[in-house]
Structure formats: C-alpha cells, structure tokens
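Working notes, beginning with the structure itself.
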Amino acid sequence: MLERIQEIRLKAMECSSIIKDQGSVYVVSHIDADGLTSAGIICKALERAGIEHSVHFVKQLDEVEIESIANLNPELVIFTDLGSGMIDSLNAHGINAVIADHHQPRGELEHHLNPHLYGFNGSYELSGSGMTYILANALGDNKDLADLAIVGAVGDLQHLKKGHLTGLNRYILEEGAQAGVLSFEKDIMLFGKQTRPVFKLLQFASDPYLPGLTGNEDACIGFLHDLGIQFGGDERWRRWIDIGQMDKQKIVSALVQYCLRAGLPPYKIERLIGEVYLLTNEKEGTEMRDASEYSTLLNATARYGHADIGLAVCMGDRGEAYESAKKLLSEHRQNLVNGLMFVKEQGVTQLDNLQYFDAGSSILETIVGIIAGMSTSVIGNRDLPIIAFADTKDGVKVSARGTQDLIRKGLNLSEAMSMTAAEVDGAGGGHDIAAGATIPESAKEEFIIKLDAVIGKQLKR
Numbered sequence: 008m009l010e011r012i013q014e015i016r017l018k019a020m021e022c023s024s025i026i027k028d029q030g031s032v033y034v035v036s037h038i039d040a041d042g043l044t045s046a047g048i049i050c051k052a053l054e055r056a057g058i059e060h061s062v063h064f065v066k067q068l069d070e071v072e073i074e075s076i077a078n079l080n081p082e083l084v085i086f087t088d089l090g091s092g093m094i095d096s097l098n099a100h101g102i103n104a105v106i107a108d109h110h111q112p113r114g115e116l117e118h119h120l121n122p123h124l125y126g127f128n129g130s131y132e133l134s135g136s137g138m139t140y141i142l143a144n145a146l147g148d149n150k151d152l153a154d155l156a157i158v159g160a161v162g163d164l165q166h167l168k169k170g171h172l173t174g175l176n177r178y179i180l181e182e183g184a185q186a187g188v189l190s191f192e193k194d195i196m197l198f199g200k201q202t203r204p205v206f207k208l209l210q211f212a213s214d215p216y217l218p219g220l221t222g223n224e225d226a227c228i229g230f231l232h233d234l235g236i237q238f239g240g241d242e243r244w245r246r247w248i249d250i251g252q253m254d255k256q257k258i259v260s261a262l263v264q265y266c267l268r269a270g271l272p273p274y275k276i277e278r279l280i281g282e283v284y285l286l287t288n289e290k291e292g293t294e295m296r297d298a299s300e301y302s303t304l305l306n307a308t309a310r311y312g313h314a315d316i317g318l319a320v321c322m323g324d325r326g327e328a329y330e331s332a333k334k335l336l337s338e339h340r341q342n343l344v345n346g347l348m349f350v351k352e353q354g355v356t357q358l359d360n361l362q363y364f365d366a367g368s369s370i371l372e373t374i375v376g377i378i379a380g381m382s383t384s385v386i387g388n389r390d391l392p393i394i395a396f397a398d399t400k401d402g403v404k405v406s407a408r409g410t411q412d413l414i415r416k417g418l419n420l421s422e423a424m425s426m427t428a429a430e431v432d433g434a435g436g437g438h439d440i441a442a443g444a445t446i447p448e449s450a451k452e453e454f455i456i457k458l459d460a461v462i463g464k465q466l467k468r
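Numbering (our numbering), first residue to last: 8 to 468.
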C-alpha cells in the first residue's frame, strides 16, 4: 500500500505544480458534506499558499454546468469530490482542470487524482475530501486539515462497510491523530452522542434497525427507565457523553440482549459498536466534536442553497456561520421528519428486485436521497434497495440507497444507475451503496422497469 500511496503523492505534487503556476484558480465542489469539506480543505491550502481563488458549488456536474464554467474562461479549475465522470466533456470544452475525486472515473485527464486509478476503492477506502487532503499536503504542510478529511469520509458513510475507516482513510486518520486534531475509539454507533438525549439515539436508530424501539419514543424512554438510567440533576435527559462508562456498558449490553430476543442476526447486532471519530480541537457537546454530527450539520447547509455557510464553518467560523448552520440543521431535521411522514403515508411500490416512491415536488431533490435511506427504518422491505424520485427544474432526480447486506450479495447501484440512466437519455453514477441520476420526466416508468431488471441480474435473482 505504501508504494501506491507514494504514487498518488507524486501525482499530487505534479498537480500542485500546475496550481502554483496560476494567478488564480476556480474551485468547483459538490453540495454534500464530502464536497463541503473538500472545498474547505483546498481553500484553506490555497489561502495558506497565497493563491487567489473563488468557489462554486454544484448539485451535479452536467453538460449545462460544464458549459457555464467554460464560458467563464478560468485559468485553472480544481474539481473536488466530482469531475471524474465527466472528463470527456471537460476535455471537449477545453477546460484546464485538476480533479481530486473518488467516484468511478470515465475518460482520461493528465492531472487527475482518484483512488480507483491506484487500486483503491473510492466507496470506502478514500473519499473526495481525503483525495483533496492529499493534494493540499502537496501544496504545503496541511496535516491539521486531516480532521475535515475524516468528516467528509464519515459523511460519505465510508466507515460503515467494516465498522471503521480503512485504506487511505485510515492513513489520513492516523496522520490526523499524530497531528493532534483527531482521536478515535470504540463506542456505540448510534447518531447524536454529543448533542441528543440518550433516548433519541434509540428512537432514530436505523443501522441496525431496532424493532419496537426505532421510531417509538415512549418505548425508548421505557427501555432506559427499566435499566435505571435517570434524568440528569437538572431534570433534563442526559446525552451519551454525560453518562458514565458503567451506564454505557449497561445500555449496550441490554441492547444486545434486546436485539437477540428480537431475532436480529449477529452481524447486524455487531453494528451497534464501531469506531467513532472525534475532532479534538472542537468543543465537547457541539456538533463539530463528532465527525458524524459535523457531517450532518454540513449537509443541512449546502442542500438548502447555503453552501457558503457550510464552507465558512469548515474554514473555522464558530460565530455567525455556526449559529446560522445550527438553525438550518433544525429546519433540516424537520424536513426529514416531514419527508418520512410523506413516505409513510404514501407507501412504497415494490417490484421484484427493488422498491420505490415518487416524491414529486413534496420532498426537495437535495434531501430525497437521505429520506430514502432513512425510510427503510419505518416502511418497506429492508431486503430490497430503495429508489426515490423527486421533481427538479431539469427533469427528475433519482436517488438510490442499498445496504451492506445487499452489497455483499452483488448490488452495485453506481453501475446500475449509470447504465440505466444512459438508456433513457439521462446520466447517473455514485457508489455501490448509494447513487443518483437525473432522467427526463417522461422516462420514469421505463427507467424503473429497466433498473429492476439490472438489479435482478446483479443479485442473481
């Protein structure tokens, strides 16, 4: 692995030489947590190197966006967390580009950093922010930005496949720990340990799904009450970080027993415990302390058209930008609840090899994928991937989510979505476990039938 890392570093040095030769650069990044942290890393590195730059965020890098970028005639464009799938178009428009991405590459470009080109898997061994971090360290000593790279990786769910970060992500994690900006430990994997009351961790558990507890607030409070887990001294529910080690062990042990009685297979129960990642320079009890909560905070900004706020948080603003991000996070959570209620009321349609729902204009296209991933906790068949449609001004956004169980059986949503979208004059891609596409409005029915057949072949049904 060290040999391949050295190859990537050499390519990153080549790319950094190109960047340093420019009077100014134009950064283009994605609007999710991985894209925001990628932009934060490269902008911090460019700022430190004294290189003038500006930033643009996109939902999807398509022909329209590329033409718009080309019309600006920038000296150099650095694409982070996107670009690898649109190289032919970038070349056709004569855009001078450096790409730091982790999605499946299509086409050839001289200044292209992508883990797939070096034998690493971009779905779980390196994120877009991780690749951008390597580029940033070719521009100067930026090892203190490893914490943002890990937030991006966790936001991209790269730790879920094995319960901990692996591959190049691991290398960056250890580098960050040595730099004193990261720590990691085994802990419960439920979301919200820094900021949520403990019963909320159980109530919103989705991986693993806790039958009888997930989605049922009263049952979760009762479960903890029966264990003797009490309110804090000020009559507020304590957070996970407020609880002593003995009480934590008591809760985990009781959850394992509960899951066994509920008939969950051991490999699912094992997901209760995994590796968690803390940003040691951030204040305990805030969203930025925990990589998972930090990534959710970032998602709540850019997905609502406020990427500038998310970027400012990544760049270190803990005042106005952070307060704005917290408000957006509160609205984001409410939108997720509303979206889940919509899916619960409308139901899902089940085909042979997938299940789907059409949100129309009732759920924002930027969060329909998140809701699709969450919805299998409250409705549908957890043994099938879930597909969601949402209206956009340019057609229909399609989001697809699978599970690690399905990946083990052969599911690859990136390939399935890319292939099927192309057949209906659309475009798609992503990762094996999560992917997206944009297709014409008139092609929905044809698309879902074709996708069902493709996934059936993958799963050998």
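Virtual Cβ for every residue (Gly too), placed ideally from N, Cα, C. This structure is a prediction, so every number in the text was calculated from the model and none was measured.
TODO: Can you tell me which of L208, I157, L305 puts its alpha carbon nearest to the alpha carbon of I258?
DONE: Position 251 of the sequence shown, counted from the start, is the residue given in the question as residue 258. The option with the nearest alpha carbon to I258 is L208.
- [ ] Answer with buried or exposed for P122, where buried requires no fewer than 16 other C-beta atoms within 10 angstroms of its C-beta.
- [x] For the purposes of this step, residue 122 is taken as residue 115 along the sequence shown, with counting starting at 1. Burial call: buried.
- [ ] Please name the residue or residues paired with G281 in a DSSP beta bridge.
- [x] Taking the first residue of the sequence shown as position 1, residue 281 is located at position 274. DSSP output for G281 lists D194 as bridge partner(s).
TODO: Can you give me the start and stop residues for the beta strand (DSSP E) that H60 sits inside?
DONE: As a working note, residue 60 is residue 53 in the sequence shown. 59-65 is the extent of the beta strand (DSSP E) around H60.
Task: R11 in three-state terms, based on DSSP - done: Within the sequence shown, the letter at position 4 stands for residue 11. Note: R11 maps to helix in three-state DSSP.
Task: Proximity of S134 and G159 at Cβ, strictly below 8 Å - done: On the sequence shown, position 127 is the one that residue 134 refers to. On the sequence shown, position 152 is the one that residue 159 refers to. Against a cut-off of 8 Å, the Cβ pair of G159 and S134 comes out as a contact.
Open item on the list: Give me the DSSP bridge partner(s) of Y33.
Closed with: Indexing the sequence shown from 1 puts residue 33 at position 26. In the DSSP assignment, Y33 is bridged to S61, V84.
Open item on the list: Pop quiz: D401 and T373 are said to be a contact at Cβ under 8 Å. What is the actual Cβ separation, rounded to whole angstroms?
Closed with: Locating residue 401 in the sequence shown gives position 394, where the first residue counts as 1. Locating residue 373 in the sequence shown gives position 366, where the first residue counts as 1. D401 to T373, Cβ: 13 Å. No contact.
Open item on the list: Check whether the region 284-292 and the region 33-44 are in contact - that is, three or more C-beta pairs closer than 8 Å.
Closed with: With a cut-off of 8 Å, the region 33-44 and the region 284-292 do not count as touching, because too few Cβ pairs lie within range.
Open item on the list: Taking DSSP's pairing of strands, which residues face S406 in a bridge?
Closed with: Locating residue 406 in the sequence shown gives position 399, where the first residue counts as 1. Its beta-bridge partners are A395, G443.
TODO: Have a look at the DSSP bridge pairing and note the partners of A156.
DONE: Sequence index remark: in the sequence shown, residue 156 carries index 149 (1-based). According to DSSP, A156 bridges with nothing at all.
Open item on the list: Based on DSSP bridge pairs, tell me the residues matched to R389.
Closed with: Mapped onto the sequence shown, residue 389 falls at position 382. Among the bridge pairs identified by DSSP, R389 is matched with none.
Open item on the list: Please state whether the Cβ-Cβ distance between T87 and I26 is less than 8 Å.
Closed with: Taking the sequence shown and counting its residues from 1, the one referred to as residue 87 is at position 80. Taking the sequence shown and counting its residues from 1, the one referred to as residue 26 is at position 19. Not closer than 8 Å, so no.
TODO: Spell out the partners DSSP gives G219 in its beta bridges.
DONE: Here residue 219 refers to the residue found at position 212 when the sequence shown is read from its first residue. Partner(s): none; G219 has no beta bridge.
Open item on the list: Using a 10 Å radius around the Cβ and a threshold of 16 neighbouring Cβ atoms, would you call P272 buried or exposed?
Closed with: Within the sequence shown, residue 272 is the residue found at index 265, counting from 1. Per the 10 Å Cβ criterion, exposed.
TODO: Please determine if the region 211-222 and the region 261-271 are in contact, where contact requires at least 3 C-beta pairs separated by less than 8 Å.
DONE: Judged by Cβ distances under 8 Å, the region 211-222 makes contact with the region 261-271, as three or more pairs qualify.
Open item on the list: Using the Cβ count rule (16 or more neighbours within 10 Å means buried), how would you classify N345?
Closed with: Start at 1 with the first residue of the sequence shown, and residue 345 comes out as number 338. The residue is exposed, with fewer than 16 neighbouring Cβ atoms inside 10 Å.
Open item on the list: If you reduce the DSSP assignment to three classes, tell me which class F211 lands in.
Closed with: Within the sequence shown, numbered from 1, the residue matching residue 211 stands at position 204. Reduced to three states, the DSSP call for F211 is coil.
Open item on the list: Relative to the C-alpha of E430, which candidate in D390, F349, L458 has its C-alpha closest?
Closed with: Here residue 430 refers to the residue found at position 423 of the sequence shown. Among D390, F349, L458, the Cα nearest to that of E430 belongs to L458.
Task: Coarse secondary structure for A366, derived from DSSP in three states - done: Numbered from its first residue, the sequence shown carries residue 366 at position 359. Coil.
Open item on the list: Judging by CA-CA distance, which residue of F230, R278, Q210, P204 is the nearest neighbour of I248?
Closed with: By 1-based counting over the sequence shown, the position of residue 248 is 241. I248 has its Cα closest to that of P204, out of F230, R278, Q210, P204.
Open item on the list: According to DSSP, is A434 part of a helix, a strand, or is it coil?
Closed with: Residue 434 sits at position 427 when you count from the first residue of the sequence shown. If DSSP states are grouped into helix, strand and coil, A434 belongs with the strands.
Task: Own chain, CB closer than 6 Å to A441, minus 5 neighbours either side, in chain order - done: On the sequence shown, position 434 is the one that residue 441 refers to. Excluding positions up to five away in sequence, the list reads R408.
Open item on the list: When you measure from the CB of L217 to every non-hydrogen atom of the ligand MG, does any distance come out below 7 Å?
Closed with: In the structure on display, the ligand MG does not appear, and there are no ligands present to speak of.
- [ ] Indicate whether G162 and A40 have their beta-carbon atoms separated by less than 8 Å.
- [x] Translated into positions along the sequence shown, residue 162 becomes position 155. Translated into positions along the sequence shown, residue 40 becomes position 33. Cβ distance < 8 Å, so G162 and A40 count as in contact.
TODO: Jot down the residue ranges of each uninterrupted alpha helix (DSSP H) in the region 124-179, minimum 4 residues, whole runs only, in chain order.
DONE: 135-146, 153-162
Task: When I73, I370, Q362 are compared against N5, the one with the closest alpha-carbon - done: Any question about residue 5 goes unanswered here, given that the chain covers just 8 to 468.
Open item on the list: Here's the rule: buried if 16 or more other CB atoms are within 10 angstroms of the residue's CB, otherwise exposed. What is D154?
Closed with: Counted from its first residue, the sequence shown places residue 154 at position 147. So D154 counts as buried.
Open item on the list: Please tell me whether N342 and L304 are closer than 8 Å, where the distance is taken between their beta carbons.
Closed with: Here the question's residue 342 lines up with position 335 in the sequence shown. Here the question's residue 304 lines up with position 297 in the sequence shown. No. Outside cutoff.
Task: Identity of the residues DSSP links to A107 by a beta bridge - done: Here residue 107 corresponds to residue number 100 of the sequence shown, with the count starting at 1. DSSP lists T87, L120 as partners of A107.
TODO: Please look up how many angstroms separate the CB atoms of I378 and L347, rounded, as I've assumed it's under 8 Å.
DONE: Residue mapping note: residue 378 aligns to position 371 of the sequence shown, counting from 1. Residue mapping note: residue 347 aligns to position 340 of the sequence shown, counting from 1. With a contact defined as Cβ atoms closer than 8 Å, I378 and L347 qualify at about 6 Å.
Open item on the list: Please report the straight-line C-alpha distance between I456 and K200, rounded to a whole angstrom.
Closed with: Counting from one through the sequence shown, the residue named residue 456 turns up at place 449. Counting from one through the sequence shown, the residue named residue 200 turns up at place 193. Roughly 41 Å between the two C-alpha positions.
Open item on the list: What residue range does the alpha helix (DSSP H) around N78 cover?
Closed with: Numbered from its first residue, the sequence shown carries residue 78 at position 71. Annotation: the continuous alpha helix (DSSP H) that includes N78 extends over 70-79.
Open item on the list: Applying the 10 Å Cβ sphere with the 16-neighbour rule, what's the burial state of L17?
Closed with: Stepping through the sequence shown from its first residue, residue 17 is reached at position 10. The residue in question, L17, is exposed, as its Cβ has fewer than 16 Cβ neighbours within 10 Å.
TODO: With DSSP as the reference, please indicate the residues paired to P6 in a beta bridge.
DONE: Residue 6 cannot be examined here, being either before or after the span of the chain that is shown, 8 to 468.
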